[in-house]
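Start counting the sequence shown at 415; every next residue gets the next number (my numbering).
Note that CB positions come from ideal geometry on N, CA and C, so glycine has one too.
Working notes, beginning with the structure itself.
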Amino acid sequence: ATMFRNMYDTDVTVWSPEGRLLQVEYAMESVKQGSACIALRSTTHSVIGALKRSVSELSAHQQKILEIDDHLGIGIAGLTADARTLAKWMRNECLNHKYVYGTALPSGRLVTDLADRHQRTTQSYVRRPYGVGLLVASFDKNGPHVYQTCPSGNVYECYATAIGARSQSGRTYLEKHCESFEECSKDDLIMHALKALVGCVSGDGELTRENGSVAIVGKDQKFTLIEGEELQPYLDRLELEGGNNGGNAEEEEDDDGEAEEMET
């Protein structure tokens, strides 16, 4: 008998004959619809960079980087509403740990618990998987960290990574230059983040202070969001170095259309 995919994709808890959980894979697709997010680290700092979308000419841009604690923040790609729920939970975890033990929550423990939270939804009938991928940038007693989470419950620690729509060119840039990140200064690391983001801008758009967003955390540096006016000097430097020439339109097809509906 022919097996039809739609016999097995109506429920998170049903296996397909090839041993796949299709609903979970669909959730992972929604991460690819969200606007691009990148993260990288040196030996002293971690940086997140993100592209913000606005739903229309008249609306503000959607927040893409959220502070969780002094030592930790997240960049999101996918359903923003799902990300906010997770961010609220992460903030609570950090506060509880600080209240009970008087120290910052080690980021490795938080992301493992976060991954478990994702996984729980894939094994229960009553919940749907979170349709969001997170990049977590943090600094703790073991130094700077970058983690990537996935709706399936997987979590990866990375030197650098990129997720979201058209993130492939950002990933290519990071792979090409990742050897040099270790010794980078704070400002150089931010510049690398912006250069990686430039390739993720759709069509012939440019990276601007409106749609660009960067955050940094590190040694003697609390989690700091750099946007708008504060981002301009870095964009000016990018212009001088000839880096801001918009995305490669042929890199990937433009998926903005449908995704806009979902506030990704």
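Beta-carbon spacing of residue i, residue j below 7 Å
i           : j           : result
residue 478 : residue 627 : yes
residue 423 : residue 436 : yes
residue 483 : residue 520 : no
residue 619 : residue 577 : no
residue 450 : residue 584 : yes
residue 426 : residue 536 : yes
residue 558 : residue 459 : yes
residue 588 : residue 574 : yes
Residue i versus residue j: straight-line alpha-carbon distance, rounded
i           : j           : result
residue 418 : residue 541 : 24 Å
residue 433 : residue 590 : 35 Å
residue 532 : residue 454 : 23 Å
residue 502 : residue 514 : 18 Å
residue 604 : residue 630 : 8 Å
residue 464 : residue 611 : 7 Å
residue 562 : residue 552 : 12 Å
residue 560 : residue 517 : 20 Å
residue 638 : residue 507 : 20 Å
residue 526 : residue 601 : 30 Å
residue 474 : residue 641 : 13 Å
residue 439 : residue 636 : 36 Å
residue 487 : residue 607 : 16 Å
residue 549 : residue 505 : 15 Å
residue 511 : residue 649 : 38 Å
residue 653 : residue 539 : 51 Å
residue 671 : residue 647 : At residue 671, the pLDDT of 45 sits below 50, so the modelled position is not reliable; the number obtained from the coordinates is stated separately. Going by the C-alpha atoms only, they are around 32 Å apart.
residue 651 : residue 613 : 17 Å
residue 645 : residue 621 : 11 Å
residue 658 : residue 480 : 25 Å
Of the residues the options, the one placed nearest residue i, counting alpha carbons only
i           : options            : result
residue 593 : 448, 457, 439, 451 : 457
residue 496 : 600, 528, 652      : 528
residue 524 : 656, 570, 536      : 570
residue 471 : 646, 624, 428      : 624
CB contact check: residue i to chain B, cutoff 7 Å
i           : result
residue 519 : The structure shown contains no chain B; it holds only a single protein chain.
Subject >> Runs of alpha helix (DSSP H) lying entirely within the region 471-542, each at least 4 residues, in chain order >> reply: Taken in chain order, the unbroken stretches of alpha helix (DSSP H) that lie wholly in the region 471-542 and span 4 residues or more are 494-515, 521-536.
Original post:
Should the region 483-493 be regarded as contacting the region 439-455, the criterion being three or more beta carbon pairs within less than 8 Å?
Top reply: yes
**OP:** Only counting runs of 3 or more residues, tell me where the beta strand (DSSP E) segments fall wholly within the region 427-461, in order along the chain.
**Re:** 451-455
Subject >> Whole runs of the beta strand (DSSP E) within the region 573-625, excluding any shorter than 3 residues >> reply: 574-577
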